[in-house]
Every structure is written in structure tokens, then in C-alpha cells.
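Heads up, the thing below is written out as C-alpha cells.
Protein chains: 2
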Amino acid sequence: MMDTDMLAPDPHTIGSHGLEDLPTPCLLLDEALLRRNVFTMKQHLAALGVGFRPHLKTAKCLEVARIAMTQPSGPAMVSTLREAEFFAEGGVRDMIYGVGIAPAKLDRVGAIRKRFGADLAVVLDSAEQADAVADWVKAHGDALPVLIEVDADGHRSGVAPNDAATLTAIGRRLIGGGADLRGVLLHAGASYGLSDPEAIAAAAEAERAAAVGAATLLRQAGLPCPVVSIGSTPTARFAKDLSGVTELRAGVFMIGDLFQAGVGSCAIDDIALSVLATVIGQQRAKGWIIVDAGWMAMSRDRGTARQAVDQGYGVVCDLAGKPYPDLIVADANQEHGIVAVRPGSQAALPELPIGAKLRILPNHACATGAQHDRYHVLDASGGVTAVWPRINGW
Amino acid sequence: MMDTDMLAPDPHTIGSHGLEDLPTPCLLLDEALLRRNVFTMKQHLAALGVGFRPHLKTAKCLEVARIAMTQPSGPAMVSTLREAEFFAEGGVRDMIYGVGIAPAKLDRVGAIRKRFGADLAVVLDSAEQADAVADWVKAHGDALPVLIEVDADGHRSGVAPNDAATLTAIGRRLIGGGADLRGVLLHAGASYGLSDPEAIAAAAEAERAAAVGAATLLRQAGLPCPVVSIGSTPTARFAKDLSGVTELRAGVFMIGDLFQAGVGSCAIDDIALSVLATVIGQQRAKGWIIVDAGWMAMSRDRGTARQAVDQGYGVVCDLAGKPYPDLIVADANQEHGIVAVRPGSQAALPELPIGAKLRILPNHACATGAQHDRYHVLDASGGVTAVWPRINGW
Chain A
1 MMDTDMLAPD PHTIGSHGLE DLPTPCLLLD EALLRRNVFT MKQHLAALGV
51 GFRPHLKTAK CLEVARIAMT QPSGPAMVST LREAEFFAEG GVRDMIYGVG
101 IAPAKLDRVG AIRKRFGADL AVVLDSAEQA DAVADWVKAH GDALPVLIEV
151 DADGHRSGVA PNDAATLTAI GRRLIGGGAD LRGVLLHAGA SYGLSDPEAI
201 AAAAEAERAA AVGAATLLRQ AGLPCPVVSI GSTPTARFAK DLSGVTELRA
251 GVFMIGDLFQ AGVGSCAIDD IALSVLATVI GQQRAKGWII VDAGWMAMSR
301 DRGTARQAVD QGYGVVCDLA GKPYPDLIVA DANQEHGIVA VRPGSQAALP
351 ELPIGAKLRI LPNHACATGA QHDRYHVLDA SGGVTAVWPR INGW
Chain B
1 MMDTDMLAPD PHTIGSHGLE DLPTPCLLLD EALLRRNVFT MKQHLAALGV
51 GFRPHLKTAK CLEVARIAMT QPSGPAMVST LREAEFFAEG GVRDMIYGVG
101 IAPAKLDRVG AIRKRFGADL AVVLDSAEQA DAVADWVKAH GDALPVLIEV
151 DADGHRSGVA PNDAATLTAI GRRLIGGGAD LRGVLLHAGA SYGLSDPEAI
201 AAAAEAERAA AVGAATLLRQ AGLPCPVVSI GSTPTARFAK DLSGVTELRA
251 GVFMIGDLFQ AGVGSCAIDD IALSVLATVI GQQRAKGWII VDAGWMAMSR
301 DRGTARQAVD QGYGVVCDLA GKPYPDLIVA DANQEHGIVA VRPGSQAALP
351 ELPIGAKLRI LPNHACATGA QHDRYHVLDA SGGVTAVWPR INGW
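So the sequences go chain by chain: A and B.
Per full-length UniProt numbering, the first sequence starts with residue 1, numbered consecutively.
Per full-length UniProt numbering, the second sequence starts with residue 1, numbered consecutively.
Have a look at this one:
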């Protein structure tokens, strides 16, 4: 790559200092909140007696993964093979690649397994994919571990949980081909559309029941199903009983965001991620402050637009992370954020001169994180103590 | 960085071959369409007798920049100082950084100017910023070039075009401090909300008139204003007369996207950018095909949702780039795209087996491009002939 870093302040060399010195826009991660969110989830899951496989697709960062995982070797969940490679390099050995496998990706999966001795499993939901895996296993002599994706709630992929014929057909083709049938995997993605704790608890119970039901069908057919894996941040948060489930997966819970706050999976003051921005303009007659964090820094995610409280492109906070009353990023261009008081509010626009710095809480931690290549890590006093790299891409 | 590339197919070493061999999801750029879009715009602007300063924020790629610019040294427009550094490394010398300058960024601007001998100008719209620039110029002895941002249509930043007092106050502070007052700069961003060619032509005339009006006020006050810079892709496309304007800026026009097609700035078959995806699942009972391009590959941009035709997360095409009838990415999760026939259409869901490849046209080229770090470049026969890196970040 070209040597352009010498022109920009090099954030990898920073010591503990203030937010005022960071170039904007940039991504901030509050380590104490991250650790608190992880601790709370681990306590909850321990009380429910279920294993924990954190999803690393939100953070995409080895330092965060090490805080979230129960061991440095895992277990963990990944959403791309780039993540699998990156975390394998970092010592993670027990991973599931959670996106339905394309046959052309099997060689890359096999290379990661071989190079790192990693237990990297794949998921699938069709006999066609099972046949492709069986062919690959026969050709390579590597008993690839596989989970059958089961549809918890009709929101995306998976075999219907009561479709014994398809479940057993897939299982038999895998076993017949020499693959390692690990079990079933579900994701109650429809829970993202809920906001009532009892409704989310019911979704968690439906997810559990579907998982256990599908596992029972496999076992009744004489097929192995050691793993029963479920999870989403909302159902993880509100599950009351996980009998029959062996492991739970969740990812965004560890960082939190305004969308999850709208669902009720976290509070706004649990959100560990924010974008640091600088005031670059005033349009007082319109009630606007212009900042240098537009949608490129915040992402185009507007998930809260369909919730009870629309948070625009984010909630505006002071440097200590305290929200200004009713102040949001009301609109955004690529590199411009338009900060304004929420429609209908009587709150006053704060006096923020050119050059003042702000922190903005995001709609969606996964999407906002992906716009950046590093976290500036804050300690309990608000000082910046470290830079943690994060990855993107496939 | 860690050595993980050895596991993935290395796309930098590919020769001319087919799309079938590329790992998915990935970004495709049709070079012939790119060149046609640039040629058409240059012809149009030459006929109007105006200079051309392509905006590089969409492509963020040196190879694309060299096709778009009139000379390898520029002129060009950038949206981040990271872009300014990257393109200066690549030989671009005449640039405007188009986001209102924060005083803390002046040292980095100065470093780019000094290291590369680059004519990098900044924009501002307040006396406070002018004072900060004047102080910086006095301290560093570098007569920084500055354009005053003027508000074309109330959509974002800028001084009102008839606000002689503010325009001249800014100009005098700059000149008094030893800065190089270059002129005025406008962006008719509200044109993005239009779709009627006559209405866009009227917006272009309003942008022109505001620019010339502000320039006249500066000149009447005895201040220099050699540059009168305007531009947006829609107004560039439909402008009929640019008398008094010295240069026009536009960026997304060179690549095109579904949003610009909805505005009328391009046709769908002008769109040079697409995302290559693989079929990874079937939900035939629901009328869905699942692909491995979710919102991470497409971006969260849903710009067409507020246009006459909502294109979902993108229009689905075959490998030759021809759209399937009414087939769109109807919904998306992070790494899953849900392909379905447009609501209300009687078109049939095509038969696309597991492993089949598709191309998806994006809502917004700037946002989709930013999710990727490289373009796979297609030649006229649809072969992949090159990989062009692109940058992100600040």
C-alpha cells in the first residue's frame, strides 16, 4: 500500500489522552460498557445452563472477541470466511460460519481448517448443499462438521422445524458422505421486530421449541444431533428457559445500539459504541448544526425509522457520552451530518461552536462499525487508551 | 497486517477469465460503461463551455479518477483528507476538499500541500472558520486557497447567496489574513429529490444564478472571485446554460445507480457498478431465493424507497448484466439477500440453483462502493481483466 499514513495522525501510537485530540470522524468503544454487557449476558446464560457462542460479526475485532468468548479458542460464530481466517490467525479454533454454504466456498473452508487445525463448521438447509458437501468430503478426506439450518420464524432461511423428510434426507446424505453432522442451528431474526419483553420471551420459547423439535426428529431417525444452537440478541436477553438447547449465539448485545434499545434488549446508556464528530458549520436559522459525520461514518442504517422512536442517523451526546436533550442527527449526506432537535420537541439547540466535538450513538452497531477500520478504546475516565483494529470484507 | 490472503483466492493475480471464478460477494465495474458515461458528460460540458472537476468520492479509485479527469493532475474534488492524500500520491495536484473545514484539520491539509506540492483548497461558510484559516496562514506562511460555500437550495450548508455582508466579511478576513480567496462553491443537493427533467433544469439554473450572484457580490466588494464552481449529477445532466460558471463538479454520474436512474440522470443500462452474488438457499414456498449479498455487500442505502419505483436493495441481473423481469433484492440481512419478484408483478421467479451467480445493481454507487476495497473490472465481453483498488476511511 502507499505510504500515506505519515500525513495523518497515527492513532496506533497514541497514549492515554483526550478525545479532543482524535481526528474526526472516528469510532469510539467504551471498554467498561463492553465488559459490563458481556458479563451480564454470561451471567444470564450461566443461570439458564446453556453454552455461549458469541457472534463476532458485530465487533470484527480480536480484542473484543477475547472479552466476549469463554476461552481464547472460542466457541465463536462468524458471518464471513474473512472473519474465520482473521480469528483463526488470532487463535480462535471453534467456529461456525453462519451463512448457508455455497459449494464454491468449501475449498476455502477446508484451507482454514487445515492450516490452523480449526474446528470450522458450516451450515446448510438443502439436499443439494448436502450433496455438494458429501462430494467435497469424499474428495478431500476431511470430515467437515455441518449444522442443518432450521427456520425459527419464517424470516429468512432454514428447513421447517417439522419437516422430518427434508431434515432426515439432509442428515442421511451428510452422514452417508462422511461429513460430521453436528446438529441444528436457528436464528429468531423476527424478534428484531418486537419490543414487548413478554412477546420476545415468547419468541425465545418458540425458537427453543423449534430447535428441540427438529433435533428430536433427527434423533428419532437415528441421526446424531449433539448441538442444538439458537440465538438472537433479543431472544437471548429475554429467554426464560432453554431446556434442550446446548448453546446460544448473540453478537450485537455486547456493543448495543439504538435499534436494540428500541427493541428493549438494552438501555441507551448500555451502548458502548459511538462516532466522534466535529462541528463544521452552523445553520441557526434552520435550527441545524453541521458535523463531519455523515452517513459514511454512521452508515445508511435507519433501523429506528420503523420503531416507536425514530432516532434519525443517531443520538447526539457530549464528550462524556451524555445525550443532549432530544438532539439527533436528523439527516445526513455522505460526509455531512445535520444535527437538529427532534421534531416536536421544545428542547433548545445547544451552543456548539465550530470545532466543538460530539459523540453520536448509532442505529446499528454492525452497520456503523463496518464503515471503520479501528476502534478508539475509552477507559472509565473517558481517556483513549488503545486502538483495536477491526476487519471488513469477505 | 496478518497473512490471511493466502487462504483466499488472490484476485490481484487473475487474468482475463469469467465471473464464475470470482469469490462472492464482490464488486464489479464495467469499464466500457464507465468510459461511456464519462465521455457523454465531458461532451455535454464542453458544449456548455464549462470546466470539469470530477468528484472522486464515489469511485475512490485512482484508475477511475484517471479516466474521469481531464488531466492526470486534475482538477478533482474530494470528500475526505484520506482521499486527498491517496490521490496526491497518485499524481493529482489540483483538488478541493469539499467538506467545510474544521480548524483542527488545517495542519493535515498543509502537510498534503507541502509534501506533494499540491494545490489543495478548502471550503468554509463562516467568519469563525475564516479567522481560523487566517490564523493558520499567518502561522505557517502558506497562502491556503479557499472557496466560500454558498447555499444553492437550503439543503445543507453555505452562506445565503444574497447575504453580501457575510460573504464580504468572510472574504475580507481571508484576504486580510493572507489566504488565497479562490471563489464560491455550491452544490444543488436538493436536485436529488426531483425526477422531471424540466424541474432539474430549473434547479440547475437556480444553482447557476445563485453562484453568479454570490460571485458578483464579492467582486462588487472589490474581492477576487476567479472560480465559480457548481455541481450535482442531476443538475450537471440537465443544465442548459452555465454562463458565468467556471467549473462543474459531479461524481456519481460516471458510475450511475438505481437512485440516479429514478431521478432520470441515467438509464438503468448505464449503471457500471454491480455486486456479484451466489445463490445459497431456496425458499420456494415464499417465492424467495437467498443469496450471499446482504446489506453488508449492498450497503444499507435504500434511496429508491422514496422514489416512484422502489428497487429494494437492488435489481437482480444475469451474469451478462441483463435484469431479470421485476426481480429485486426485496430484503436483506447482514450477509443474506432475499431475492423476490417485485410486489404486484406477475413475473415468475427464475430457476436459479444453489451455486448460481447473479449481478445486483445498487441503489447508490457511493454507499455500495464503500462496502468494498476493490473493483473487479469487466471488459466488453464480460471477462474480468483487472482489479482496481479503492480506499475508504478518513
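Yeah, the Cβ is synthetic: ideal placement off N, Cα and C, and Gly gets one too.
Note that this is a predicted model, so its numbers are computed, not measured.
Item	Value
The segment 199 to 233 of chain B: positions lying closer than 8 Å to chain A by Cβ	none
Proximity test, Cβ basis, 9 Å: B:R93 and chain A	no
Secondary structure of B:A221, DSSP reduced to three states	coil
Against chain A: residues of the segment 36 to 70 of chain B by CB proximity under 7 Å	K57
Own chain residues within Cβ distance below 7 Å of B:A267, not counting five before or after	A261
Per-residue burial, A:P226 [other beta carbons within 10 Å of its own, 16 or more giving buried]	exposed
Segment limits, alpha helix (DSSP H) that includes B:G110	106 to 116
Inter-stretch contact (C-beta, 8 Å, three-pair minimum) for the segment 58 to 75 of chain B and the segment 97 to 110 of chain B	no
Cβ shell of A:W159 (< 6 Å), same chain only, five flanking positions each side left out	Per the sequence shown, residue 159 of chain A should be read as Val rather than Trp. Excluding residues within five positions, the ones whose Cβ falls inside 6 Å are D125, V150, T166, L167.
Residues in the segment 104 to 134 of chain A having any Cβ partner in chain B nearer than 7 Å	A104, R108, A111, I112, R115, D125, S126, E128, Q129
Coil, strand or helix - B:A364 by DSSP	Going by the sequence as given, residue 364 of chain B is His instead of Ala. Three-state DSSP puts B:H364 in coil, outside helix and strand.
Three-state secondary structure (DSSP) of B:H336	coil
Backbone CA spacing between A:I271 and B:D94 [nearest angstrom]	42 Å
C-beta neighbour in chain A for B:V384, strict 9 Å	no
Chain A contact for B:I328 (CB, 9 Å cutoff)	no
Beta-carbon proximity list for B:A118, same chain, < 7 Å, skipping 5 on both sides	A88, R93, M95, I112
Under the three-state DSSP convention, the category A:V309 falls into	coil
CB contact check: A:P197 to chain B, cutoff 9 Å	no
CB contact check: B:I360 to chain A, cutoff 9 Å	no
Alpha-carbon spacing of A:L378 relative to A:A386, whole angstroms	8 Å
Pairwise C-alpha distance: B:T40 and B:V279	36 Å
Contact with chain B by residue 397 of chain A, beta-carbon distance below 9 Å	The first residue shown for chain A is 1 and the last is 394, placing residue 397 of chain A beyond what the model contains.
Opening and closing residue of the alpha helix (DSSP H) in which B:F253 lies	No alpha helix (DSSP H) holds B:F253; DSSP gives it neither H nor E.
Residues near B:V228 by beta carbon distance below 7 Å, same chain, minus five either side	G183, V184, A211, V212, A215, G244, V245, T246
Stretch-stretch touch, CB-based, cutoff 8 Å, three pairs: the segment 323 to 341 of chain B with the segment 141 to 157 of chain A	yes
Contact set between A:T304 and chain B, taken where Cβ atoms lie within less than 8 Å	Near A:T304 there are no residues of chain B at all, since even the closest Cβ is about 12 Å away, more than 8 Å.
Euclidean distance between Cα positions of A:L276 and B:G171	31 Å
Which listed residue (A:I289, A:G90, A:F259) has its alpha carbon closest to that of A:A348	A:I289
Inter-residue Cα distance where the pair is A:E128 and A:K138	15 Å
Sub-9 Å separation of B:D107 and B:P145 beta-carbons	no
Short Cβ contact (9 Å threshold) for residue 395 of chain A with A:P362	The structure shown does not extend to residue 395 of chain A, since chain A spans only 1 to 394, so no value can be given for it.
Cutoff 9 Å: B:H336 Cβ touching any chain A Cβ	yes
Secondary structure of B:H187, DSSP reduced to three states	coil
Partner residues on chain B for A:G189, Cβ-Cβ distance less than 7 Å	N333
Nearest neighbour of B:Q346, chosen from B:P325, B:L248, B:R359 [CA to CA]	B:P325
Nearest-angstrom beta carbon gap, B:A143 and B:G178 [assumed within contact, 8 Å]	6 Å
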